[in-house]
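Q: Below is one structure. I have some questions about it.
Protein chains in written order, with this note's numbering: chain A, 10 to 207; chain B, 52 to 237.
Dropping the structure here:
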């Protein structure tokens with residue numbers, strides 16, 4: 010059966026072709042297998058065995074977050090009492106995004122983040138941070154079902170590397186604190202959000 | 052709008068590629084991988100007739116070759132087209148190496164991969180495509196599913212434009228016949 014003189018697709022046939030999936034996630038293990046092979050051929054550089062140093066595009070802020078844990082800042086614990094000497098405070102999140110132009114982190118940059126966090130602490134403000142592990146999942150509804158994809162919701166310019174939580178009276182004060190974060194000096198971007206009180 | 056989104060996509064790819072070439076690290080590779088692999092894998096699956104193992108092998112080999120050659124990529128096409136070209140070449144190599152896959156095995160793997168969709172209309176069409184001879188299937192998938200022109204297909208497959216058109220016509224006829232058979236059995 011021929012549709013038309015040149016065997017064109019009918020509108021119904023074109024609709025059926027258009028409805029076919031254009032993407033499909035392979036098995037979870039494929040990505041790691043490929044990376045392993047690329048490393049063995051020297052097409053991806055090998056990294057050290059200490060995991061947080063091997064997150065290559067993550068900023069010194071992530072390393073700083075680990076150091077914060079080590080010096081007892083309390084990873085991930087929001088201190089509910091207001092810092093001493095400050096009026097009623099709100100909690101703000103600083104989301105630290107890398108940019109492609111940023112140089113890889115090194116030990117001197119790590120110390121900048123650590124010293125910055127210390128200086129915030131010394132001003133009697135609560136500060137904490139969290140390290141983001143490599144790898145992630147993106148969930149969204151596709152064709153009526155929830156699809157789970159490996160990877161990140163990666164903006165073409167930036168990738169989320171880590172975050173800090175700080176106390177401040179209001180956005181203006183939080184922004185003023187954030188402007189002193191060394192992440193900006195190194196070409197990164199910070200998104201500042203207030204944590205909702207529920 | 053499509054021109055703008057194509058331009059932005061190319062810009063995004065350039066940044067990711069430049070980043071990978073500069074860093075040669077896992078994270079920058081993973082960014083490229085996540086961006087392009089789902090489309091490459093779906094293309095490979097259809098071209099190899101839904102053999103999951105072979106499709107993953109195609110994707111793996113595509114990235115191995117791409118990682119070596121990315122430094123020489125001149126951006127005369129989109130990154131996706133270039134990667135797809137590598138995948139298509141690998142599929143053709145596989146065709147030459149392997150024996151013909153049985154139709155029963157194809158049907159089984161198709162159902163397994165598409166079981167979540169519960170869309171029998173889509174299943175039938177995928178099955179009709181999967182049982183085509185390799186040459187017909189390549190041209191039909193590239194033209195009617197992926198949207199390549201006959202000129203692009205002729206370059207990708209190293210065939211004449213006229214050959215691409217005639218194979219497409221025969222592929223469509225064959226798919227129609229398969230769908231009629233499947234409808235008759237239902």
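Note that beta-carbon positions come from the ideal geometry of N, C-alpha and C, so glycine has one too.
Which same chain residues end up closer than 7 Å to residue 86 of chain A when comparing Cβ atoms and leaving out the 5 residues on each side of it in sequence?
A: Residue numbering aside, residue 86 of chain A sits at position 77 when the first chain is read from its first letter. Model confidence at residue 86 of chain A stands at a pLDDT of 41, short of 50, so the residue's coordinates are unreliable and nothing is read from them.
Q: What first and last residue would you give for the alpha helix (DSSP H) that runs through residue 39 of chain A?
A: As a working note, residue 39 of chain A is residue 30 in the first chain. Segment 37-49, the alpha helix (DSSP H) holding residue 39 of chain A.
Q: Going by the CB atoms, is the gap between residue 160 of chain A and residue 85 of chain B shorter than 8 Å?
A: As a first step, residue 85 of chain B must be located in the second chain, where it is residue number 34. As a first step, residue 160 of chain A must be located in the first chain, where it is residue number 151. Result yes, Cβ atoms of residue 85 of chain B and residue 160 of chain A sit closer than 8 Å.
Q: Which term fits residue 27 of chain A, buried or exposed, when burial requires 16 or more other beta carbons within 10 angstroms of its beta carbon?
A: As a working mapping, residue 27 of chain A is identified with position 18 in the first chain. The residue in question, residue 27 of chain A, is exposed, as its Cβ has fewer than 16 Cβ neighbours within 10 Å.
Q: Using a Cβ-Cβ cutoff of less than 6 Å, which residues in the same chain neighbour residue 97 of chain B once the five nearest sequence positions on both sides are dropped?
A: Along the second chain, one-based indexing puts residue 97 of chain B at 46. Only 192 meet the Cβ criterion.
Q: Give me the residue from B:204, B:125 and B:99 with the minimum Cα distance to residue 148 of chain B.
A: The sequence position of residue 148 of chain B within the second chain is 97, counting from 1. Among B:204, B:125 and B:99, the Cα nearest to that of residue 148 of chain B belongs to B:99.
Q: Would you say residue 169 of chain A lies against chain B (beta-carbon separation less than 8 Å)?
A: Here residue 169 of chain A refers to the residue found at position 160 of the first chain. Not an interface residue.
Q: Pop quiz: residue 215 of chain B and residue 204 of chain B are said to be a contact at Cβ under 8 Å. What is the actual Cβ separation, rounded to whole angstroms?
A: In the second chain, residue 215 of chain B corresponds to position 164, counting from 1. In the second chain, residue 204 of chain B corresponds to position 153, counting from 1. Contact holds; Cβ gap of about 5 Å.
Q: Report the partner residues of residue 137 of chain A according to the DSSP bridge assignment.
A: Position 128 of the first chain, counting from 1, holds the residue named residue 137 of chain A. DSSP output for residue 137 of chain A lists A:174 as bridge partner(s).
Q: Mind the definition here: the stretch 115-124 of chain B touches the stretch 185-203 of chain A only if three or more C-beta pairs lie below 8 Å; say whether that holds.
A: Flag = no, the stretch 115-124 of chain B and the stretch 185-203 of chain A do not touch.
Q: If we ignore side chains and look at the alpha-carbon of each, how far apart do residue 39 of chain A and residue 184 of chain B end up?
A: On the first chain, position 30 is the one that residue 39 of chain A refers to. On the second chain, position 133 is the one that residue 184 of chain B refers to. Rounded to whole angstroms, residue 39 of chain A to residue 184 of chain B spans 28 Å at the Cα level.
Q: Do three or more CB pairs link the stretch 171-180 of chain B to the stretch 19-34 of chain A at distances below 8 Å?
A: Result yes; three or more Cβ-Cβ pairs closer than 8 Å.
Q: Can you tell me whether residue 57 of chain B is buried or exposed, with buried defined as 16 or more other CB within 10 angstroms of its CB?
A: Position 6 of the second chain, counted from the first residue, corresponds to residue 57 of chain B. Exposed, because fewer than 16 other Cβ atoms sit within 10 Å of the Cβ of residue 57 of chain B.
Q: With 9 Å as the C-beta to C-beta threshold (strictly closer), list the residues of the stretch 99-113 of chain B near chain A in chain order.
A: Answer in chain order: 103, 106, 107, 110 and 111.
Q: 8 Å is my cut-off, CB to CB: does residue 93 of chain B come that close to chain A?
A: Walking along the second chain from the start, residue 93 of chain B turns up at place 42. Yes, contact with chain A.
Q: Leaving aside the five residues before and after residue 133 of chain B along the sequence, list all residues of the same chain whose C-beta is less than 8 Å from its C-beta, in chain order.
A: As a position in the second chain, residue 133 of chain B is number 82, starting the count at 1. Closer than 8 Å at Cβ, skipping near neighbours: 117 and 124.
Q: I'd like to know if residue 199 of chain B contacts chain A, where contact means its C-beta is closer than 8 Å to some C-beta of that chain.
A: Stepping through the second chain from its first residue, residue 199 of chain B is reached at position 148. No, its Cβ sits nowhere closer than 8 Å to a Cβ of chain A.
Q: Suppose the cutoff is 7 Å on Cβ atoms and the five residues either side in sequence are ignored; what does the same chain contact list for residue 177 of chain A look like?
A: As a working note, residue 177 of chain A is residue 168 in the first chain. Only 98, 99, 101, 183 and 186 meet the Cβ criterion.
Q: Excluding the five sequence neighbours on either side, which residues of its own chain have a C-beta within less than 7 Å of the C-beta of residue 141 of chain B, listed in chain order?
A: One-based indexing of the second chain puts residue 141 of chain B at position 90. Excluding positions up to five away in sequence, the list reads 109, 112 and 113.
Q: Any idea what DSSP makes of residue 156 of chain A, helix, strand or coil?
A: Mapped onto the first chain, residue 156 of chain A falls at position 147. DSSP places residue 156 of chain A in strand when its eight states are reduced to three.
Q: Return the residue from the list B:61, B:73, B:227 and B:202 that minimises the CA-CA distance to residue 129 of chain B.
A: Within the second chain, residue 129 of chain B is the residue found at index 78, counting from 1. Here the closest residue by C-alpha is B:61.
Q: Under a Cβ-count criterion, where at least 16 other Cβ atoms within 10 Å of its own Cβ denotes burial, should residue 72 of chain B be classed as buried or exposed?
A: The residue labelled residue 72 of chain B in the question sits at position 21 within the second chain. It is exposed - the Cβ of residue 72 of chain B has fewer than 16 other Cβ atoms within 10 Å.
Q: Could you tell me which chain B residues have their CB closer than 9 Å to the CB of residue 31 of chain A, listed as they occur along the chain?
A: Residue mapping note: residue 31 of chain A aligns to position 22 of the first chain, counting from 1. What residue 31 of chain A touches in chain B: 89, 90, 93, 94, 196 and 197.
Q: Return the residues of the stretch 219-237 of chain B that lie within a Cβ-Cβ distance of less than 7 Å from chain A, sorted by chain order.
A: If the cut-off is 7 Å between Cβ atoms, the stretch 219-237 of chain B has 220, 223, 224 and 227 near chain A.
Q: Suppose contacts are defined by Cβ-Cβ distances below 8 Å. Is residue 200 of chain B in contact with residue 35 of chain A by that definition?
A: If you number the second chain from 1, residue 200 of chain B lands on position 149. If you number the first chain from 1, residue 35 of chain A lands on position 26. Going by C-beta atoms, residue 200 of chain B is not nearer than 8 Å to residue 35 of chain A.
Q: Report the start-end ranges of each alpha helix (DSSP H) in the stretch 158-232 of chain B that is 4 residues or longer and not cut off at the edges.
A: List check, alpha helix (DSSP H) in window: 171-181, 185-191 and 201-208.
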